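Quick notes on the structure that follows.
There are 2 protein chains.
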Amino acid sequence: MEKKIAEIGEFGLIDRLRRLLDLEGCQPPGLSLGIGDDAALLQAQPGCQWAVTCDVLAEGRHYLSEYLTAFQLGKRAMAVNLSDIAAMGGQPRYALVALGLRGSTLVGDVENWYRGFAAALNPWDAAIVGGNMTQVDGSQFISITLMGEVPAGQALRRSGASPGQAILVTGYPGQAAAGLRLLQERGQDGGLEDHPLVQAYTSPMPRVGEGRAMAGDRVVSAAIDTSDGFLGDLGNLCAASGVGARLWAAQLPLSPALRAATAKWGEDPVRWFLGPSDDYELIVTCAPEQVEAAKRRIAGVNQAPVHQVGVITPERDCLEIEGESGLSRLLRARGWDHFTSRDKEI
Amino acid sequence: MEKKIAEIGEFGLIDRLRRLLDLEGCQPPGLSLGIGDDAALLQAQPGCQWAVTCDVLAEGRHYLSEYLTAFQLGKRAMAVNLSDIAAMGGQPRYALVALGLRGSTLVGDVENWYRGFAAALNPWDAAIVGGNMTQVDGSQFISITLMGEVPAGQALRRSGASPGQAILVTGYPGQAAAGLRLLQERGQDGGLEDHPLVQAYTSPMPRVGEGRAMAGDRVVSAAIDTSDGFLGDLGNLCAASGVGARLWAAQLPLSPALRAATAKWGEDPVRWFLGPSDDYELIVTCAPEQVEAAKRRIAGVNQAPVHQVGVITPERDCLEIEGESGLSRLLRARGWDHFTSRDKEI
Numbered sequence: 001m002e003k004k005i006a007e008i009g010e011f012g013l014i015d016r017l018r019r020l021l022d023l024e025g026c027q028p029p030g031l032s033l034g035i036g037d038d039a040a041l042l043q044a045q046p047g048c049q050w051a052v053t054c055d056v057l058a059e060g061r062h063y064l065s066e067y068l069t070a071f072q073l074g075k076r077a078m079a080v081n082l083s084d085i086a087a088m089g090g091q092p093r094y095a096l097v098a099l100g101l102r103g104s105t106l107v108g109d110v111e112n113w114y115r116g117f118a119a120a121l122n123p124w125d126a127a128i129v130g131g132n133m134t135q136v137d138g139s140q141f142i143s144i145t146l147m148g149e150v151p152a153g154q155a156l157r158r159s160g161a162s163p164g165q166a167i168l169v170t171g172y173p174g175q176a177a178a179g180l181r182l183l184q185e186r187g188q189d190g191g192l193e194d195h196p197l198v199q200a201y202t203s204p205m206p207r208v209g210e211g212r213a214m215a216g217d218r219v220v221s222a223a224i225d226t227s228d229g230f231l232g233d234l235g236n237l238c239a240a241s242g243v244g245a246r247l248w249a250a251q252l253p254l255s256p257a258l259r260a261a262t263a264k265w266g267e268d269p270v271r272w273f274l275g276p277s278d279d280y281e282l283i284v285t286c287a288p289e290q291v292e293a294a295k296r297r298i299a300g301v302n303q304a305p306v307h308q309v310g311v312i313t314p315e316r317d318c319l320e321i322e323g324e325s326g327l328s329r330l331l332r333a334r335g336w337d338h339f340t341s342r343d344k345e346i
Numbered sequence: 001m002e003k004k005i006a007e008i009g010e011f012g013l014i015d016r017l018r019r020l021l022d023l024e025g026c027q028p029p030g031l032s033l034g035i036g037d038d039a040a041l042l043q044a045q046p047g048c049q050w051a052v053t054c055d056v057l058a059e060g061r062h063y064l065s066e067y068l069t070a071f072q073l074g075k076r077a078m079a080v081n082l083s084d085i086a087a088m089g090g091q092p093r094y095a096l097v098a099l100g101l102r103g104s105t106l107v108g109d110v111e112n113w114y115r116g117f118a119a120a121l122n123p124w125d126a127a128i129v130g131g132n133m134t135q136v137d138g139s140q141f142i143s144i145t146l147m148g149e150v151p152a153g154q155a156l157r158r159s160g161a162s163p164g165q166a167i168l169v170t171g172y173p174g175q176a177a178a179g180l181r182l183l184q185e186r187g188q189d190g191g192l193e194d195h196p197l198v199q200a201y202t203s204p205m206p207r208v209g210e211g212r213a214m215a216g217d218r219v220v221s222a223a224i225d226t227s228d229g230f231l232g233d234l235g236n237l238c239a240a241s242g243v244g245a246r247l248w249a250a251q252l253p254l255s256p257a258l259r260a261a262t263a264k265w266g267e268d269p270v271r272w273f274l275g276p277s278d279d280y281e282l283i284v285t286c287a288p289e290q291v292e293a294a295k296r297r298i299a300g301v302n303q304a305p306v307h308q309v310g311v312i313t314p315e316r317d318c319l320e321i322e323g324e325s326g327l328s329r330l331l332r333a334r335g336w337d338h339f340t341s342r343d344k345e346i
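First to last, the protein sequences are chains A and B.
So the first sequence is residues 1 to 346, counted in my numbering.
So the second sequence is residues 1 to 346, counted in my numbering.
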């Protein structure tokens with residue numbers, strides 16, 4: 001019979017998680033003191049800045065535990081943060097994890113979250129160095145702060161895009177949202193775990209290596225990750241840069257799996273590409289003569305697919321798409337809003 | 001009519017909070033990029049390490065909004081983290097704030113939380129550089145990560161206490177718990193806001209200056225803050241150092257207000273001194289011949305009261321108290337456990 005958290009208590013749980021991380025986590029350079037004191041002690045590599053981000057995943061809102069295993073959930077929660085560090089061109093280093101847990105949750109589930117955290121961090125020599133846990137009666141939550149290093153002055157930012165520059169995107173946005181819909185339609189036991197759309201949802205791979213490869217030289221002028229969906233985050237990049245964007249409908253990388261699924265649903269795959277979707281791809285901009293260099297840099301890491309999907313335009317916050325029927329204005333989407341009705345749409 | 005968060009949305013709220021921080025927060029040295037990109041960018045002062053901590057305050061568990069104003073709650077939430085940095089001897093610098101909020105919460109309340117955060121950070125030239133917010137249906141929460149700087153190799157730790165050393169404590173532990181009880185008995189409108197015990201609960205002053213004054217030289221051998229209550233955290237310090245402790249009942253700094261309140265309740269003030277209480281004082285140890293030097297260092301900052309309350313003993317994890325009736329063994333308390341029945345006791 002598996003134990004519940006309430007049976008072993010907070011300190012019992014912390015002891016177990018610490019042992020788990022000792023075995024399955026890694027020891028990043030620069031760490032003087034990890035879990036167990038009032039604070040962790042750590043040091044940047046010489047000449048580096050810190051990129052620091054924090055994200056919360058709340059049960060029922062950002063994830064539904066019936067569609068993700070505990071391990072997948074842990075990996076995904078860390079991926080959300082890794083993706084932010086990737087968008088800055090950073091090397092992930094240290095994570096702090098604050099959890100809100102019900103006493104009735106199985107200890108083994110929390111251990112599997114931590115296995116997921118470690119699985120996401122280990123490839124980057126990054127580790128959990130601290131945290132906090134508290135009991136909740138309602139929805140559980142995972143709040144992660146991730147610190148990454150980036151050589152001083154070389155971080156990628158949202159604000160560097162200029163009119164005439166190319167817009168590139170990695171991977172195939174929209175797949176994760178479509179994967180979630182498949183899971184919702186068929187349930188977890190629908191034998192869908194190997195479906196490429198479901199995989200895109202359950203096991204996103206943040207573009208950390210690709211981001212690092214772009215930091216430092218002047219090939220890429222701006223970068224952002226697609227955590228708010230492609231259009232939402234393209235809008236965020238444009239707002240930060242004071243520009244607009246024109247997309248080419250025919251050039252959007254719509255994956256065969258996304259085309260097949262949306263055809264079955266009688267829906268437009270472009271809408272799924274543009275809308276909220278937990279894909280964690282990168283949108284970057286660069287001068288038109290640098291498109292091939294940028295693509296080589298991105299694809300050089302893990303052969304990540306990368307496509308030019310449009311150009312930056314001068315009219316601030318004007319997002320439009322050029323298709324067979326001409327030019328259409330796209331609604332300015334700032335992204336997934338957790339407090340208005342927008343968060344109920346796809 | 002005051003607006004609710006659901007009416008202005010996540011991005012509207014973020015815009016308002018950013019403007020508020022621009023006006024009322026400060027700009028710490030080393031910050032290249034604050035709120036608004038995928039991550040904040042920041043740099044340590046040369047020769048410094050980072051001390052990093054994270055703490056969650058959950059509504060109903062760590063605070064009851066009927067006993068704290070929104071401003072007090074914000075200040076307290078930041079104080080919890082400042083106290084951890086204080087216990088390491090660090091200089092607070094950068095905070096990231098993740099919030100779980102109900103859509104029905106008033107925007108003005110969240111703004112007042114932020115005013116409280118800024119009021120706690122401003123004296124230390126520290127600032128909020130990032131965050132995240134998400135909607136919750138049940139209890140709200142505040143999850144804060146705080147980064148502080150400490151000259152490399154000079155941080156205070158829990159693990160340096162040796163047998164024979166003196167145990168010192170700042171301030172008057174137990175007051176905050178007694179203040180909360182007063183509020184619970186009389187309600188917020190009981191005209192208690194100026195009562196010293198209530199003040200101890202509503203407006204704790206973490207010992208940041210005192211911690212910094214102790215870092216770096218070898219006067220103090222170990223330090224911890226009393227966020228888990230005096231006995232719980234003395235136990236944590238002893239466990240980390242592999243030692244025990246003997247307290248002198250007659251030397252415990254029991255404030256006149258605590259004595260008066262517990263006399264009225266017919267309770268032992270020592271129990272309140274030792275038990276869980278949100279006081280955020282520091283427990284430190286030092287060699288017996290350094291007691292006066294340590295006291296001068298601590299009191300030199302803000303005239304903080306500081307008292308020797310006992311000595312470190314060799315027997316690991318053995319906590320005892322010497323009173324009129326001789327020596328009594330104190331139950332090993334690891335501190336406030338959020339998941340077992342212990343968290344229901346005082």
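Cβ coordinates follow ideal geometry from the N, Cα and C atoms, glycine included.
All values reported here derive from a predicted model rather than from experimental measurement.
Contact set for residue i: own chain, Cβ-Cβ below 7 Å, skip 5 residues either direction
| i | result |
| --- | --- |
| residue 192 of chain B | 182, 183, 186 and 198 |
| residue 316 of chain A | 242, 243 and 244 |
Residue-chain proximity (residue i, chain B), Cβ-Cβ < 7 Å
| i | result |
| --- | --- |
| residue 26 of chain A | no |
| residue 88 of chain A | yes |
| residue 140 of chain A | no |
| residue 98 of chain A | yes |
| residue 272 of chain A | no |
| residue 52 of chain A | yes |
| residue 279 of chain A | no |
| residue 217 of chain A | no |
| residue 317 of chain A | no |
| residue 348 of chain A | In the structure displayed, chain A extends from 1 to 346; residue 348 of chain A sits before or after that span and is not available. |
Secondary structure of residue i, DSSP reduced to three states
| i | result |
| --- | --- |
| residue 219 of chain A | coil |
| residue 205 of chain B | coil |
| residue 316 of chain B | coil |
| residue 358 of chain A | Residue coverage of chain A in this structure runs from 1 to 346, which leaves residue 358 of chain A outside it and unanswerable. |
| residue 29 of chain A | coil |
| residue 4 of chain A | strand |
| residue 147 of chain A | strand |
| residue 59 of chain B | strand |
Interface flag, residue i vs chain A, CB-CB below 7 Å
| i | result |
| --- | --- |
| residue 205 of chain B | no |
| residue 143 of chain B | yes |
| residue 124 of chain B | no |
| residue 284 of chain B | no |
| residue 109 of chain B | no |
| residue 236 of chain B | no |
| residue 132 of chain B | yes |
C-beta atoms of residue i and residue j nearer than 7 Å
| i | j | result |
| --- | --- | --- |
| residue 130 of chain A | residue 40 of chain A | yes |
| residue 86 of chain A | residue 206 of chain A | yes |
| residue 151 of chain B | residue 286 of chain B | no |
| residue 284 of chain A | residue 220 of chain A | yes |
| residue 210 of chain B | residue 108 of chain B | no |
| residue 166 of chain B | residue 88 of chain B | no |
| residue 280 of chain A | residue 83 of chain A | yes |
| residue 226 of chain B | residue 146 of chain B | no |
| residue 138 of chain A | residue 25 of chain B | no |
| residue 298 of chain A | residue 161 of chain A | no |
Pick from the options that is closest to residue i, judged by C-alpha positions
| i | options | result |
| --- | --- | --- |
| residue 99 of chain B | A:175, A:56 and A:221 | A:56 |
| residue 67 of chain A | A:28, A:307, A:177 and A:266 | A:177 |
| residue 314 of chain A | A:81, A:239 and A:118 | A:239 |
| residue 252 of chain B | B:263, B:269, B:236 and B:262 | B:269 |
| residue 46 of chain B | B:9, B:229 and B:29 | B:29 |
Neighbourhood of residue i by C-beta distance below 6 Å, restricted to the same chain and skipping five residues each side
| i | result |
| --- | --- |
| residue 255 of chain B | 172 and 175 |
| residue 112 of chain A | 70 and 71 |
| residue 247 of chain B | 309, 310 and 321 |
| residue 327 of chain B | 320 |
| residue 318 of chain A | 244 |
Any non-hydrogen atom of the ligand SAH closer than 6 Å to residue i Cβ
| i | result |
| --- | --- |
| residue 241 of chain B | Questions concerning the ligand SAH fall outside what the structure shown contains, since it holds no ligand whatsoever. |
Close beta carbons around residue i, own chain, < 8 Å, minus the five adjacent residues each side
| i | result |
| --- | --- |
| residue 59 of chain A | 65, 139, 140 and 141 |
| residue 133 of chain A | 10, 13, 14, 98, 99, 100 and 101 |
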